[in-house]
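Under full-length UniProt numbering, the residue at position 36 of the sequence shown is numbered 36, and the numbers go up by one with no gaps. Every residue, glycine too, gets a C-beta built ideally from N, C-alpha and C.
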Amino acid sequence: MERPGSGAKRSYNQYCGLASALDILGERWTLLIIRELLMGPRRYSDLLVDLPGIGTNLLAERLKFLVDKGVVQQIDLKGTGSRLAYELAEPGESLRPIVLGLAHWGMDHVGDLSPADTVRPHWGFLAVEAMFQPEKASAIDESYEFRVDDQVFHVTVAGRVPRVGKGPADNPAMVAVTDAATFVQIGAGRLTPLIAMVSGRLTIEGDAEAVVRCCELLGIATGAMTAPSRAPSR
Numbered sequence: 001m002e003r004p005g006s007g008a009k010r011s012y013n014q015y016c017g018l019a020s021a022l023d024i025l026g027e028r029w030t031l032l033i034i035r036e037l038l039m040g041p042r043r044y045s046d047l048l049v050d051l052p053g054i055g056t057n058l059l060a061e062r063l064k065f066l067v068d069k070g071v072v073q074q075i076d077l078k079g080t081g082s083r084l085a086y087e088l089a090e091p092g093e094s095l096r097p098i099v100l101g102l103a104h105w106g107m108d109h110v111g112d113l114s115p116a117d118t119v120r121p122h123w124g125f126l127a128v129e130a131m132f133q134p135e136k137a138s139a140i141d142e143s144y145e146f147r148v149d150d151q152v153f154h155v156t157v158a159g160r161v162p163r164v165g166k167g168p169a170d171n172p173a174m175v176a177v178t179d180a181a182t183f184v185q186i187g188a189g190r191l192t193p194l195i196a197m198v199s200g201r202l203t204i205e206g207d208a209e210a211v212v213r214c215c216e217l218l219g220i221a222t223g224a225m226t227a228p229s230r231a232p233s234r
């Protein structure tokens, strides 16, 4: 392994696929940069805001390395040269199931929220995708909307195939409104939707059976939850 501070990336020097992957992805912050870019192109300033603690020089170094490796590419958002951003190249996008798998695995290890912890509402977008249990998708075609702080995303089930998308759903069968920390705690199983509703941290509108179907799809224990049977308000 190359000496730290030599100006070159360290290598495990092992002729192995996993070691080769870790040579690219194993450095601190790298997978979190990938996480951010899985949600679409991001400007450098946006990445810096949503990765508190990384430092501007380290972010620039990590991005340059990922671009050099063909994992990330730089794009011109408006074609004017004034709004440059980063997005995943095809090899980077192929990491989606791996990152989602890690996120799903990590939900079992989420601890208590400490004052030092950062949480962002848009992380819920990937959390929902990571929580999918496709074999439990309902035969009923419907959509569920999530409003997490200032972010809105939705899940659509069609032909027993669930998909997550940004923005509001068309005619959602269920609308859930909460904050980012509560959303993570429910997904991690540290808080049931029922307790979150009783404590005022979660509101749900929609058909009660649709709520149960959504929870089953995401592997969430409802805690004997019931929901009001009325149309979601917009």
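| Asked | Found |
| --- | --- |
| Contacting residues, own chain, Cβ-Cβ under 7 angstroms from Ala-19 (five flanking each side not counted) | Tyr-12 |
| Other residues of its chain near Gly-55: CB distance less than 6 angstroms, five sequence neighbours each side excluded | none |
| DSSP three-state assignment for Lys-166, whether helix, strand or coil | strand |
| Identity of the residue in Gln-185, Glu-90 and Glu-205 nearest Ala-173 by Cα | Glu-205 |
| Cβ distance (whole Å) where Leu-84 is taken to contact Asp-76 below 8 angstroms | 6 angstroms |
| Residue closest to Gly-159, alpha-carbon to alpha-carbon, out of Ala-137, Met-39, Trp-123 and Leu-126 | Ala-137 |
| Residue from Asp-117, Asn-171 and Ala-127 with nearest C-alpha to residue 288 | Only positions 1 to 234 of the chain appear in this structure, which leaves residue 288 out of reach. |
| Val-177 - partner residues in DSSP beta bridges | Arg-147 and Thr-203 |
| Minimum C-alpha distance to Lys-9 - residue among Arg-28, Thr-192, Gly-17 and Cys-16 | Arg-28 |
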